[in-house]
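Residue numbers are given in UniProt numbering: position 149 of the sequence shown equals residue 149, and the series is strictly consecutive.
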Amino acid sequence: MCTALTFNAHDHYFGRNLDLEVSYGQQVVVTPRNYNFKFRKVADLSNHYAMIGVAAVIDNYPLYFDATNEKGLSMAGLNYPDNAFYPDMAADKDNITPFEFIPWILGQCDSVASARQLLPKINLVNINFSDQLPLSPLHWLLADQHEAVVIESDRDGLHVYDNPVGVLTNNPTFDKQLFNLNNYRDLSSANPQDTFGKGMPLTDYSRGLGTRNLPGGLDSESRFVRAAFNKANAVCADNEEASITQLFHIMHSVEQQNGLDEVAPGKFEFTIYTVGYNQDQGLLYYTTYHNNQINLVDMNKCDLESTDLCAYPFIDSQAFNKVN
Ligand SMILES: C[C@H](CCC(=O)NCCS(=O)(=O)O)[C@H]1CC[C@H]2[C@@H]3CC[C@@H]4C[C@H](O)CC[C@]4(C)[C@H]3C[C@H](O)[C@]12C
């Protein structure tokens with residue numbers, strides 16, 4: 001399972017947790033403007049916006065899990081099992097495979113508004129990357145500095161939902177996730193009034209009682225509510241350090257601790273990495289499960305006019321800040 005969200009503070013940010021029990025050998029990958037993006041069924045993009053993100057590079061092709069382009073448009077693919085449906089070729093459409101979707105949008109669009117022009121023409125065609133790497137069932141959060149949408153390719157077609165809360169997790173379909181928030185209208189960062197009933201001696205015995213009914217589970221509905229509430233109530237000082245720190249606190253409030261989510265006997269899914277993008281400045285911050293320190297990769301330090309990918313392996317070991 002996974003969680004992605006937008007966060008506006010000092011600048012504009014986009015965060016993502018990847019929760020999984022295996023690694024695909026992903027790294028931080030910058031694709032410069034002149035890298036030749038090949039597509040299976042449409043023409044190459046030989047000149048496009050540069051992007052930074054997390055990708056598995058196979059045969060010199062970046063299979064992006066999440067990324068942000070130089071204009072600040074961000075996109076993340078999250079697991080969407082049983083619901084995702086990828087049709088066969090459609091003659092009248094741009095046939096883009098799901099693994100090409102992030103490059104296709106981020107390569108050409110500078111905003112959600114411009115992506116909205118391309119989306120109706122797209123058919124997320126059912127073509128595997130390879131026999132070893134078949135398609136996986138995904139849906140996507142797409143966001144710029146001003147708005148977010150969710151894209152789901154279901155049996156009845158491609159849906160583009162406005163996302164007023166700027167959060168995405170996994171199943172069920174996005175409309176249901178959004179509706180479910182209505183069940184949590186009573187959540188509050190303030191201690192609640194006693195509305196229980198007449199003549200009951202109820203006391204305000206603890207701080208934080210307004211969050212008592214906030215779901216604590218790792219399931220996708222619980223994470224959706226928790227991420228939406230924690231983000232909506234986040235406060236931080238107006239600078240980059242405080243904003244990134246707060247973003248990582250929000251992301252880590254929905255992280256999966258190793259040992260809590262068994263996916264096969266003795267095998268657990270956990271939060272392999274957390275990324276936070278500064279959309280305005282082309283920065284990617286990350287932590288990994290084994291490295292709590294926040295690491296920073298700046299896309300502008302790569303040659304963005306190059307034709308070659310620029311990759312940085314995750315630093316996945318703990319560095320203690322030794323005090324004595
Ligand atoms: C599994 C991950 C979602 C995390 C998650 O939800 N884990 C729960 C697993 S479980 O449901 O609990 O079992 C998703 C998120 C992004 C995906 C990659 C996107 C690029 C590429 C697309 C190709 O088409 C197939 C291979 C490819 C490398 C993808 C592999 C995998 O699908 C990735 C890592």
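Glycine included, every Cβ here is placed at the ideal spot set by N, Cα and C.
Extent of the continuous alpha helix (DSSP H) to which residue i belongs
i: M251; result: E240 to H252
i: D175; result: F174 to N180
For residue i, the three-state DSSP class (helix, strand or coil)
i: T68; result: strand
i: N300; result: helix
i: R223; result: helix
i: A84; result: coil
i: Y289; result: coil
i: L202; result: coil
i: N47; result: coil
i: L63; result: strand
i: K231; result: helix
i: N79; result: strand
i: L187; result: coil
i: E100; result: helix
i: A309; result: Here the sequence assigns Leu to residue 309, which means Ala is not the residue at that position. It is coil, neither helix nor strand.
i: L73; result: coil
i: G259; result: coil
i: L218; result: coil
i: G210; result: helix
i: Y107; result: Correcting the residue identity first, residue 107 is Gly in this sequence and not Tyr. Helix.
i: N295; result: strand
i: R16; result: strand
i: V167; result: strand
i: V54; result: strand
i: K41; result: coil
i: K93; result: coil
i: S23; result: coil
i: K267; result: strand
i: D154; result: strand
Residue i classed as buried or exposed, judged by whether at least 16 other C-beta atoms fall within 10 angstroms
i: R223; result: buried
i: T169; result: buried
i: Y217; result: Here the sequence assigns Gly to residue 217, which means Tyr is not the residue at that position. Exposed: under 16 other Cβ atoms inside 10 Å.
i: V235; result: exposed
i: L73; result: buried
i: Q246; result: buried
i: H146; result: exposed
i: T288; result: buried
i: P32; result: buried
i: L209; result: exposed
Cβ separation of residue i and residue j, assumed to be a contact under 8 Å, to the nearest whole Å
i: F14; j: A143; result: 6 Å
i: K71; j: D110; result: 4 Å
i: Y312; j: V297; result: 6 Å
i: V149; j: Y86; result: With 8 Å as the limit, V149 and Y86 do not qualify as a contact, their Cβ atoms being about 19 Å apart.
i: F129; j: F99; result: 5 Å
i: A56; j: G25; result: 5 Å
i: D19; j: Q293; result: Their Cβ separation, rounded to whole angstroms, is 20 Å, which puts D19 and Q293 out of contact at 8 Å.
i: L309; j: Y49; result: L309 to Y49, Cβ: 15 Å. No contact.
i: F65; j: I250; result: Actually they are not in contact, since the Cβ atoms of F65 and I250 sit about 19 Å apart, beyond 8 Å.
i: E161; j: F229; result: As written in the sequence, residue 161 is Tyr, which differs from the Glu given in the question. 20 Å between Cβ atoms; not a contact.
i: V29; j: G53; result: 6 Å
i: F270; j: N258; result: 4 Å
i: E152; j: N180; result: Incorrect: roughly 16 Å between the Cβ atoms, too far for contact.
Terminal residues of the beta strand (DSSP E) in which residue i lies
i: E262; result: E262 to A264
i: F314; result: Where F314 is concerned, there is no enclosing beta strand (DSSP E), given that its DSSP letter is neither H nor E.
i: T6; result: C2 to N8
i: Y161; result: G157 to D162
i: T271; result: F270 to N278
i: Q27; result: Q27 to T31
i: Y35; result: Element bounds for Y35: n/a, residue is neither H nor E.
Min CB distance residue i to chain D below 9 Å
i: A4; result: The structure shown contains no chain D; it holds only a single protein chain.
Segments assigned alpha helix (DSSP H), at least 4 residues, entirely inside the segment 109-150: 112-118
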